[in-house]
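Right, one structure below, let's go through it.
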Amino acid sequence: MRKLFIVATLMCVTWITAQVKTPAPSPKAHVEQVVGLTDVTVDYSRPGVKGRTIFGDLVPFGKLWRTGANANTTINFSEDVVIDGKTLKKGKYALYTTPKADNWEVIFYSSTDNWGTPETWDDSKVALKTMAKPEMLNRMVESLTIGINGLDNNYGMLEISWEKTIVAVKFEVPTKKTATESIKKALAGPTGDDYFSAAQYYFQSGDDMKMALEYINKALELKQPNPFWYTRQKSLIQAKLGDKKGAIETAKISLAAAEAAKNADYVKMNKDSISEWSKK
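Residue numbers -18 to -1, 1 to 262, in mature numbering (1 follows the signal peptide of the UniProt record, and there is no 0), belong to the letters of the sequence shown in order.
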């Protein structure tokens, strides 16, 4: 009986502990910002000053810093950006810094799954490294703050501020290139893939099979040579419209292309459909 009481007590304590919620010493933060046409996101934890001396003490000068607390501080760019004349490929990076009194080294590191700084530093994972001048603020920033500010269609500023120090790194975004490509594409009219997607929609929704056939035919006109998944889609539309003879002929074209591409899934689907549609 005593053993049962002890076990029950321990289970109760465990359950109570699991229900306890307390605020994190360094709360998580998530920043989303569109710069021109580029999406930029930052995830980090925000330690507080709490009466301490930060730079030169808690964060030593000349030593690699995780630039936050807990897991990696990360930054993600949806497009390639340019920093200090160097291209940083789109993607997600861990943000490390080496603070000094007169300048900071800012590092974008391709491995983002470290807790703090990596146990073994790998120079091959340094995607980009740049320098930035720290500036003194006339106010106290209690919680570490990382933001994307100074916005322009062609650039933004990655700002790191804490205690009475702020550091900013300018990054350029390819707004002109992205906008120009978008405009050219729109003015050139729909692509084969656009028509294919439209045909798929009408087929799957069952709203208008004649429109689906019209769009898949336009897709096939624009996409040369015809992809086997395009002709497969046309055969399904033809069958739905009751044109089984035409569906079989189109499926045979898709089958031959799928066999040439060694795509077993489409080979089987086409063979199965041809067999089904050939039945009287």
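Heads up, the beta-carbon is just placed ideally off N, CA and C, and yes, glycines get one too. Remember, predicted model here, so these are calculated numbers, not experimental data.
Asked: From Lys167 to Tyr137, what does the alpha carbon distance come to, in whole angstroms?; Found: 24 angstroms
Asked: Sort Lys192, Pro29, Lys250 by Cα distance to Phe210 and report the nearest one.; Found: Lys250
Asked: Among Ala243, Trp259, Lys244, Gly224, which one has its Cα closest to the Cα of Ala233?; Found: Trp259
Asked: Measure the beta-carbon distance from Gly18 to Thr157 and round it to whole angstroms, keeping in mind my assumption that it falls under 8 angstroms.; Found: 3 angstroms
Asked: Do Leu40 and Arg48 have their beta-carbon atoms positioned less than 8 angstroms apart in this structure?; Found: no
Asked: Would you call Ser217 buried or exposed, if buried means 16 or more other Cβ atoms sit within 10 Å of its Cβ?; Found: buried
Asked: Return yes when the Cβ of Ile230 is within less than 8 angstroms of the Cβ of Ile198, no when it is not.; Found: no
Asked: Check for me: the beta strand (DSSP E) holding Ile142 runs from which residue to which?; Found: 137 to 154
Asked: Could you pull out every residue in the same chain whose Cβ sits closer than 7 angstroms to the Cβ of Leu204, ignoring the five residues on either side in sequence?; Found: Thr173, Gly174, Tyr177
Asked: Report yes if the CB atom of Glu87 is closer than 8 angstroms to the CB atom of Thr94, and no otherwise.; Found: no
Asked: Among Leu169, Leu133, Leu140, Ala11, whose alpha-carbon lies nearest the alpha-carbon of Ile89?; Found: Leu140
Asked: Give a single yes or no on whether Pro116 has its beta carbon closer than 7 angstroms to a heavy atom of the ligand MG.; Found: Among the ligands in the structure shown, none appear at all, so the ligand MG cannot be discussed.
Asked: Out of Val2, Glu14, Asp21, point me to the one whose CA is closest to Thr160's CA.; Found: Asp21
Asked: Gln220 to Lys226, Cα distance in whole Å?; Found: 7 angstroms
Asked: Starting from Thr232, follow the alpha helix (DSSP H) in both directions and report where the run begins and ends.; Found: 226 to 243
Asked: Please return the same chain residues whose Cβ sits closer than 6 angstroms to the Cβ of Arg28, not counting the five positions on each side in sequence.; Found: Ser8, Pro9, Ala11, Ser125, Leu126
Asked: Taking 8 angstroms as the cut-off, decide whether the C-beta atoms of Ala53 and Trp97 are in contact.; Found: yes
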